[in-house]
Each structure stands twice: as structure tokens, then as C-alpha cells.
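J.: Here this note's numbering = 1-based position in the sequence shown + 6.
C-beta atoms are modelled at their ideal positions from N, C-alpha and C, and glycine is treated no differently.
All of these numbers come straight from a predicted model, not from anything done at the bench.
Structure provided below as C-alpha cells; questions to follow.
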Amino acid sequence: MMTNDQEEKDFFHCIHGYSAYTKGLYKKALLSFNSISRSQNYKQIKNYLLGNVHFSLKGYDKSVEHYKDWIKEIQGSNKVITSAVYRNLGLSYLHLKEYVKAKDYFEKEFSLISNSDTLAIIKAKMSLANVYYNQYLDDDAIPLFKEAYDLAKVYSDVELKQNSSLNMAVVERNRKKYKESVEYYREFIRWKDSLFNKDKIWELTEKDKQFAVAQKENEIAIQDEKLKTQKVVQRALIFGASGLLIFLALLGFFYKKLQKQNSLITQQKEDLAIANKTKNYLFSVVSHDLRSPMNTIKHQHLQLKKHIADNNLEGIKEANNSAITVTESTSHLLNNVLHWSLEQNNQMVFEKKEYPFKPIVEHVLYDYENLIEANDVKIKTNYIKNSLIKADRESLKIVLRNLLDNSVKYMNGKGEISIEMGVDSENYAYVSIQDTGIGITAERLAKINRLKDVSIDKINRSEGVGLGLILCQTLVKKNDGIITFDSEEGKGTKVTIQLPIFN
Numbered sequence: 007m008m009t010n011d012q013e014e015k016d017f018f019h020c021i022h023g024y025s026a027y028t029k030g031l032y033k034k035a036l037l038s039f040n041s042i043s044r045s046q047n048y049k050q051i052k053n054y055l056l057g058n059v060h061f062s063l064k065g066y067d068k069s070v071e072h073y074k075d076w077i078k079e080i081q082g083s084n085k086v087i088t089s090a091v092y093r094n095l096g097l098s099y100l101h102l103k104e105y106v107k108a109k110d111y112f113e114k115e116f117s118l119i120s121n122s123d124t125l126a127i128i129k130a131k132m133s134l135a136n137v138y139y140n141q142y143l144d145d146d147a148i149p150l151f152k153e154a155y156d157l158a159k160v161y162s163d164v165e166l167k168q169n170s171s172l173n174m175a176v177v178e179r180n181r182k183k184y185k186e187s188v189e190y191y192r193e194f195i196r197w198k199d200s201l202f203n204k205d206k207i208w209e210l211t212e213k214d215k216q217f218a219v220a221q222k223e224n225e226i227a228i229q230d231e232k233l234k235t236q237k238v239v240q241r242a243l244i245f246g247a248s249g250l251l252i253f254l255a256l257l258g259f260f261y262k263k264l265q266k267q268n269s270l271i272t273q274q275k276e277d278l279a280i281a282n283k284t285k286n287y288l289f290s291v292v293s294h295d296l297r298s299p300m301n302t303i304k305h306q307h308l309q310l311k312k313h314i315a316d317n318n319l320e321g322i323k324e325a326n327n328s329a330i331t332v333t334e335s336t337s338h339l340l341n342n343v344l345h346w347s348l349e350q351n352n353q354m355v356f357e358k359k360e361y362p363f364k365p366i367v368e369h370v371l372y373d374y375e376n377l378i379e380a381n382d383v384k385i386k387t388n389y390i391k392n393s394l395i396k397a398d399r400e401s402l403k404i405v406l407r408n409l410l411d412n413s414v415k416y417m418n419g420k421g422e423i424s425i426e427m428g429v430d431s432e433n434y435a436y437v438s439i440q441d442t443g444i445g446i447t448a449e450r451l452a453k454i455n456r457l458k459d460v461s462i463d464k465i466n467r468s469e470g471v472g473l474g475l476i477l478c479q480t481l482v483k484k485n486d487g488i489i490t491f492d493s494e495e496g497k498g499t500k501v502t503i504q505l506p507i508f509n
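And the structure:
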């Protein structure tokens, strides 16, 4: 900066810092803002900007310090900025677990919000609700969550609808109101899917635009090529030998282009062959594995009809539970067919990110509560140590669902499933699922543990290895993990999944 004037230096530091802040370069912004002098002209704005940067960096003690200094200096500041500062102060104290101060600033924020600013009202109510909820003051928190939810339902912001319905699902679950919790959670999923579809439509629209531009550029390129060819022909008539050389060059060009097209056709044929093998395999799975459950469901319906006629309540309950188990298993099979088809055709969305391990496992267990209860199976958990893993969360859930489904499916009457999670080295976290079911024969266990680099060509259904285990092997390997099976016939099975820890 080529200036000796302190006022100009402060101005440039302010501009550079704000530019870095808007781009998310918070540490660079912090350096610029700290370079501003203690001039009275910049004291207020410096405190405000430093408060924002420290808040974004989760340095809540520092953000509180600068925001309070800003409040001491404010003179006629507009309500929007003051309201934002009060909100950030409330959030900072909420993170610091100083709930009385957090509540005080959220109430100050609320007093500045216009009655017509629905978005700000919803956020303020949810913030106050979180203050009460973190102090286990449910009677104060839940009405605020409900008010925020009701306002969000008629507001246009999809993400706000999603967050408010998720809050209500969690609240109702903690109150043991599982039916209401499930309804709110379904609403959360619908809003989440709506947001996902909206993003997908935008993405497809952008791709369509790019394709149209590329097609137009290709047409222009083809037209240019035609013009060049015409010039070449004209020059060929004049120069003779030069024309012959140009002709040979064009011949070589088109020959290479033809070779390229032939190579593309060959690749397409290979892809088609793989797709055809996938189709044939999936048809064999559906025709083979669906026959038995369909017959079982038919038999259960006949049994249910008989028990109803006899007014046998115990028989009705038993037949109904059995039908639920078969239906869940059939649905699980169809899900596996879908996931395997998507994975084989590279259409499965797969994105490895940093996730805490324990919530993923708990989420899958929550989904299985009804099925486990219907089968009179007990679940025992032992979370030795939680850790951050690097994985694709949705594909990991598919694997855990498959393993839990197998444990329930092959349980000999009543039984117990033990879930253990911990860390077995500096690089790997693990989760193990152990059941007291019928176990696996030594011969079949050896075949399961030999599954490596599985592809359609290597699948042999006669070996007794189902699509679910093949899918588990494929998805765990795609997550850079390891899956192992230990079992003893008649005593149960233990499956261990190792996944890389996020460093």
C-alpha cells in the first residue's frame, strides 16, 4: 500500500478485510481488520466487523467482546444491524452455555423485529426455544418450537420449513410421542426432498444450457469446417499438387475420426454387455428371491383370515408380526436391487465427508425399532468411543440396514443383537454387529470372506451368497473400509466394519 496517510490505510484495510470476509476467507479478513488503527472514525465499524469474523470462526468469547464494545459506541444505528448484533450475541452465549445472557439478547432482538418480518420472527422464536430446551425447560421451549413451526408452514422458505419440522420431530421423540415424531420426520423428509429436487432441476437446467451452447458452438465449428473445405477445393483447382496434399491430409483426418468413432462404438458395446449382464442378474434375483416371500405372505393372509374367524387375538397378533417381518424383508430386497443397479451403472450419488460415527448408527437403529419389536429381539449397545469418520453417509446406512436385517431374519425365535462401536487403531474406527442367531456354516463363511473386487462376471448365485452381502462388500470397499464376518453355526454371527478416521 503506497500511502503514508493513516486514514487511507485504515480505509484500504477495511475494504480488503470486508472483501475477504464475504468470500469466506475469515483468517485473512481478521488480519486486515486488526491492522486498522484505533482511530475514533473506525472504532465502531472495526468492532462490528471483528465480532462477525470471530463469530464465523466460532471464537465466541472474542465475538462477545467486540460486539459489546460496538454496543457501547452505537449512536443512531439502524434496527436491522442492531438486531443482527443482538442475535449473534445470543447465539454466542448459547454456544458458551450462558443461557441467561443468551435469553436476554434474543429477547432484545425480538423487541426490534417488525411484525411483518416473518423470517426474523421464526428464527428468533427457534433461538429462544433452543435456550430453554438446552436447560431442559420443555414447558417453555416446546410452545416456541410449535409457534415457529406453524409460521414456517405458511412461509415460502423451504429450508426453514425443513428445520422447524425436524425440531418438532426431535422434541416429540424425546417426549416419547413416537407417532407424532414420525409424522414430523416424514414432513421433514418431504421438505428435504423438495429442496433436493429444486436443486436438481436447477442443475439440470444449467446442464441443458451448457449442452445448448456446446451444440451451437459445434454447429458453428461444422460451418467453419465447411467453409475451410470449400477454400481448400478452390485452391486445389489452382495449385494442383498442393490440392492433392490437402486432400491426403483431409483423408487422414477423417480416417482418424472414423477410428475414434469405431473405438467409441466398441466401448458402448462393452458397456451395453455389462448393463445386460446386470439386468439378467437382477431379473434372476427378483424371480428367485421374491417367490418365497410372496408365498409366505399369501399363507399369512390365509392364517390371518382363519384367526379372525376364530376370534383368536393371539393368533392374529402372531400372524400380523410374521407378515410385517416378511414385508420388511421383501422391501429390503427391492431396495438392494435398486442400490446395486444404481451402483453398477455409476448413478449412485456418492460423496465422502466428515461425519461423527455414533449418530449414523443411532439413526439406523431408530429406523429398525418397529421391526425389532415385532420380532421380539433385544438390542444392546456399547459405544466405547465416538469418532469422526470420512465416508459417504447414505451408502454406509445401506450397509448397516442390510446387516441388521440379516441379524433379525436369521434369528432363531427370540434373541439379542449387540452393537459395539469404538476405535481399534490411529487410522480406523469400527462398528460390530453380533447376534445370537443360527450362524453361518464354515463353508459359506469362507465364501463370504473371499468376496473381493466383486463384479457381475464373478457372481454365482449357486454359491449361496445373496445380493445384500455383495452390496455390503462393494459399498464398504468404496468407502475405503474393511468388512469381516465371524460366525459359528448355531451360536450366531459377528460382522465388523472398519472405516478410516477423519484426520
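Under the three-state reduction of DSSP, which class applies to Gln50: helix, strand or coil?
T.: Here the question's residue 50 lines up with position 44 in the sequence shown. Helix, per DSSP.
J.: Would you call the CB atoms of Tyr436 and Gly428 closer than 9 angstroms?
T.: As a working note, residue 436 is residue 430 in the sequence shown. As a working note, residue 428 is residue 422 in the sequence shown. Yes, the Cβ-Cβ distance between Tyr436 and Gly428 is below 9 angstroms.
J.: Short check: CB of Ile423 to CB of Leu377, under 9 angstroms?
T.: As a position in the sequence shown, residue 423 is number 417, starting the count at 1. As a position in the sequence shown, residue 377 is number 371, starting the count at 1. Going by C-beta atoms, Ile423 is not nearer than 9 angstroms to Leu377.
J.: Give me the Cα-Cα distance between Ile462 and Arg456, rounded to the nearest whole angstrom.
T.: Position 456 of the sequence shown, counting from 1, holds the residue named residue 462. Position 450 of the sequence shown, counting from 1, holds the residue named residue 456. Residue placement at Ile462 is poorly supported in this model, since its pLDDT is 47, which falls under 50; the coordinates are not used for a value here.
J.: Between Ile322 and the rest of its own chain, which residues show a CB-CB distance below 7 angstroms, the 5 nearest in sequence each way excluded?
T.: Within the sequence shown, numbered from 1, the residue matching residue 322 stands at position 316. Cβ neighbours of Ile322 beyond the five flanking positions: Leu310, His313, Ile314.
J.: Using a 10 Å radius around the Cβ and a threshold of 16 neighbouring Cβ atoms, would you call Phe259 buried or exposed?
T.: Counted from its first residue, the sequence shown places residue 259 at position 253. So Phe259 counts as exposed.
J.: Check whether the Cβ atoms of Lys131 and Ala108 sit closer than 9 angstroms, and answer yes or no.
T.: Reading the sequence shown from its first residue, position 125 is the one you call residue 131. Reading the sequence shown from its first residue, position 102 is the one you call residue 108. No. Outside cutoff.
J.: Taking the beta strand (DSSP E) that Glu426 belongs to, which residues open and close that run?
T.: One-based indexing of the sequence shown puts residue 426 at position 420. Element bounds for Glu426: 421-429.
J.: Among Lys391, Asp382, Arg407, which has the Cα closest to the Cα of Tyr374?
T.: The residue you call residue 374 lines up with position 368 of the sequence shown. For the residues Lys391, Asp382, Arg407, the minimum Cα distance to Tyr374 belongs to Arg407.
J.: So what does DSSP say about Gly321, is it helix, strand or coil?
T.: Here residue 321 corresponds to residue number 315 of the sequence shown, with the count starting at 1. Residue state, collapsed to three classes: helix.
J.: Taking its Cβ as the centre, do 16 or more other Cβ atoms sit within 10 Å of Leu233, making it buried, or is it exposed?
T.: Working through the sequence shown from its first residue, we reach residue 233 at position 227. Exposed, since its Cβ has fewer than 16 Cβ neighbours within 10 Å.
J.: For Ser122, name the three-state secondary structure that DSSP assigns.
T.: One-based indexing of the sequence shown puts residue 122 at position 116. The answer is coil: DSSP assigns Ser122 none of H, G, I, E or B.
J.: Given this structure, state the Cα-to-Cα distance separating Val482 from Ile366, to the nearest angstrom.
T.: Along the sequence shown, read from residue 1 onward, the residue named residue 482 stands at position 476. Along the sequence shown, read from residue 1 onward, the residue named residue 366 stands at position 360. C-alpha separation (whole angstroms): 15 angstroms.
J.: Which of the three DSSP states is assigned to Gly258 in this structure?
T.: By 1-based counting over the sequence shown, the position of residue 258 is 252. Helix.
J.: Taking the runs of the alpha helix (DSSP H) that are 4 residues or longer, which of them lie wholly in the stretch 70-150?
T.: Runs found: 85-101, 105-118, 124-140.
J.: If we ignore side chains and look at the alpha-carbon of each, how far apart do Val370 and Ile128 end up?
T.: As a first step, residue 370 must be located in the sequence shown, where it is residue number 364. As a first step, residue 128 must be located in the sequence shown, where it is residue number 122. Between Val370 and Ile128, the C-alpha separation is close to 31 angstroms.
J.: Assuming Val27 and Ala35 are in contact, meaning their beta carbons sit under 8 angstroms apart, how far apart are those beta carbons, in whole angstroms?
T.: What you label residue 27 is simply residue 21 of the sequence shown in a count that begins at 1. What you label residue 35 is simply residue 29 of the sequence shown in a count that begins at 1. Reading the sequence as shown, one finds Tyr at residue 27 and not Val. The Cβ separation is near 4 angstroms, so the contact holds.
J.: Out of Gly496, Lys453, Ser493, Glu495, state which residue places its alpha-carbon closest to the alpha-carbon of Gln479.
T.: Position 473 of the sequence shown, counted from the first residue, corresponds to residue 479. That would be Lys453, whose Cα lies nearest to the Cα of Gln479.
J.: Mapping DSSP to helix, strand and coil, what is Tyr161?
T.: Here residue 161 corresponds to residue number 155 of the sequence shown, with the count starting at 1. It is coil, neither helix nor strand.
J.: Once the 5 residues before and after Phe194 are set aside, which same chain residues still bring their CB inside 7 angstroms of it?
T.: By 1-based counting over the sequence shown, the position of residue 194 is 188. Result list for Phe194: Gln168, Ser171, Leu172, Ala175, in chain order.
J.: Per the DSSP calculation, Lys386 is bridged to which residue(s)?
T.: Residue 386 sits at position 380 when you count from the first residue of the sequence shown. Lys386 pairs with Ser424.
J.: Does the separation of the CB atoms of Asn58 and Asn84 fall below 9 angstroms?
T.: As a first step, residue 58 is located in the sequence shown; it is residue number 52 there, counting from the start. As a first step, residue 84 is located in the sequence shown; it is residue number 78 there, counting from the start. Contact flag unset, no.
J.: By Cβ distance below 6 angstroms, which residues in the same chain neighbour Lys403 in space, the five residues on each side in sequence not counted?
T.: In the sequence shown, counting from the first residue as 1, residue 403 sits at position 397. So the list reads Val370, once near-sequence residues are dropped.
J.: Is the beta carbon of Val405 sitting closer than 9 angstroms to the one on Ile489?
T.: As a working mapping, residue 405 is identified with position 399 in the sequence shown. As a working mapping, residue 489 is identified with position 483 in the sequence shown. Yes, Cβ-Cβ distance for Val405 and Ile489 is below 9 angstroms.
J.: So Phe116 packs on Val137, CB below 8 angstroms; how close in whole Å?
T.: Counting from 1 along the sequence shown, the entry for residue 116 is found at position 110. Counting from 1 along the sequence shown, the entry for residue 137 is found at position 131. Between Val137 and Phe116 the Cβ distance is about 12 angstroms, and since that is not below 8 angstroms, they are no contact.
J.: I'd like the list of long-range same chain contacts for Gly65, defined as Cβ closer than 8 angstroms, with 5 residues on each side in sequence excluded.
T.: In the sequence shown, counting from the first residue as 1, residue 65 sits at position 59. Nothing listed; no residue qualifies.
J.: Checking the sheet assignment: what are the DSSP bridge partners for Thr490?
T.: If you number the sequence shown from 1, residue 490 lands on position 484. DSSP output for Thr490 lists Thr502 as bridge partner(s).
J.: How many angstroms separate the CA atom of Ile80 from the CA atom of Lys198?
T.: Locating residue 80 in the sequence shown gives position 74, where the first residue counts as 1. Locating residue 198 in the sequence shown gives position 192, where the first residue counts as 1. If you take the alpha carbons of Ile80 and Lys198, they lie about 41 angstroms apart.
J.: Nearest by alpha-carbon distance to Asp492: which of Tyr190, Phe17, Ile439, Asp123 is it?
T.: Residue mapping note: residue 492 aligns to position 486 of the sequence shown, counting from 1. Of the candidates Tyr190, Phe17, Ile439, Asp123, the one whose C-alpha sits nearest the C-alpha of Asp492 is Ile439.
J.: Using only the alpha-carbon positions, how far apart do Val383 and Glu165 sit?
T.: On the sequence shown, residue 383 is found 377 positions in, with the first residue counted as 1. On the sequence shown, residue 165 is found 159 positions in, with the first residue counted as 1. Roughly 38 angstroms between the two C-alpha positions.
J.: Among Lys78, Glu189, Phe363, which one has its Cα closest to the Cα of Lys505?
T.: In the sequence shown, residue 505 corresponds to position 499, counting from 1. Reading the sequence as shown, one finds Leu at residue 505 and not Lys. Of Lys78, Glu189, Phe363, the residue nearest in Cα terms is Phe363.
J.: Give me the DSSP bridge partner(s) of Gln440.
T.: For the purposes of this step, residue 440 is taken as the residue at position 434 of the sequence shown. DSSP output for Gln440 lists Ser424, Lys500 as bridge partner(s).
J.: Relative to the C-alpha of Tyr372, which candidate in Lys359, Lys358, Gly419, Thr387 has its C-alpha closest?
T.: Residue mapping note: residue 372 aligns to position 366 of the sequence shown, counting from 1. Comparing Cα positions, the closest option is Thr387.
J.: To which residues does DSSP link Pro362 through a beta bridge?
T.: In the sequence shown, residue 362 corresponds to position 356, counting from 1. Paired residues: Leu394.
J.: With distances taken between CB atoms, is the gap from Tyr99 to Lys114 smaller than 9 angstroms?
T.: For the purposes of this step, residue 99 is taken as residue 93 along the sequence shown, with counting starting at 1. For the purposes of this step, residue 114 is taken as residue 108 along the sequence shown, with counting starting at 1. Cβ atoms of Tyr99 and Lys114: not closer than 9 angstroms.
J.: State the DSSP-derived secondary structure class of Tyr374, mapped to helix, strand or coil.
T.: Taking the sequence shown and counting its residues from 1, one reaches residue 374 at position 368. Three-state DSSP puts Tyr374 in coil, outside helix and strand.
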